[in-house]
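Quick note: to get my numbering, add 275 to the position in the sequence shown (first position is 1).
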Amino acid sequence: MSRAPFHVVPLDATHDRSAFDCDSPALNRYLREQVSQDVRRRVAACFVAITAEGRIAGYYTLASASLWLADLPPSTAKRLPRYPTVPAVRMGRLAVDRRFRGQGLGGALLAEASEAKQHT
Numbered sequence: 276m277s278r279a280p281f282h283v284v285p286l287d288a289t290h291d292r293s294a295f296d297c298d299s300p301a302l303n304r305y306l307r308e309q310v311s312q313d314v315r316r317r318v319a320a321c322f323v324a325i326t327a328e329g330r331i332a333g334y335y336t337l338a339s340a341s342l343w344l345a346d347l348p349p350s351t352a353k354r355l356p357r358y359p360t361v362p363a364v365r366m367g368r369l370a371v372d373r374r375f376r377g378q379g380l381g382g383a384l385l386a387e388a389s390e391a392k393q394h395t
């Protein structure tokens with residue numbers, strides 16, 4: 276996210292999650308109350324977009340998944356090993372704080388997640 280007023284980092288205990296509000300009670304509650312447990316249990320990885328002031332402007336989560344090889348398009352399946360399932364990365368949640376809407380952050384986080392999964 277070059278030249279953007281945000282930088283994306285893994286969530287850690289120093290990030291203040293209390294002020295985050297994306298207008299979705301479920302996504303707000305997840306960030307405030309559940310995500311730390313999921314990260315600790317290695318159920319998900321959480322990445323946050325941080326402002327220059329240290330505020331969380333948005334977040335996304337990634338989790339391991341698998342896909343049935345038979346469910347993939349033949350053009351994709353033929354390039355993969357012949358195992359019944361193939362590894363995948365699933366985006367579990369994506370949220371942008373309401374104060375940062377309209378700045379392209381959601382799309383930037385989606386692109387960031389796509390790049391991050393290619394390097395794992």
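Beta carbons: idealized from backbone N, C-alpha and C, even for Gly.
For residue i, the residue or residues it bridges with in DSSP
| i | result |
| --- | --- |
| V364 | S339 |
| V371 | G333 |
Secondary structure of residue i, DSSP reduced to three states
| i | result |
| --- | --- |
| P285 | strand |
| Y334 | strand |
| A409 | The structure shown does not extend to residue 409, since the chain spans only 276 to 395, so no value can be given for it. |
| A320 | strand |
| Q309 | helix |
| G382 | helix |
| S350 | helix |
| S389 | helix |
| A294 | coil |
| H394 | Legend: pLDDT at H394 = 47, less than 50; position of this residue unreliable, value from coordinates given subsequently. H394: coil per DSSP, three-state reduction. |
| R376 | coil |
Nonlocal neighbours in the same chain, by C-beta distance under 7 Å from residue i, ignoring five residues either side
| i | result |
| --- | --- |
| L369 | Y335, G381, L384 and L385 |
| D313 | A319 |
| R330 | A294 |
Nearest to residue i (by Cα), restricted to the options the options
| i | options | result |
| --- | --- | --- |
| R365 | D372, A338, P356 and A345 | A338 |
Sequence-distant residues of its chain with Cβ nearer than 8 Å to residue i (five each side left out)
| i | result |
| --- | --- |
| S341 | T360, V361, P362 and A363 |
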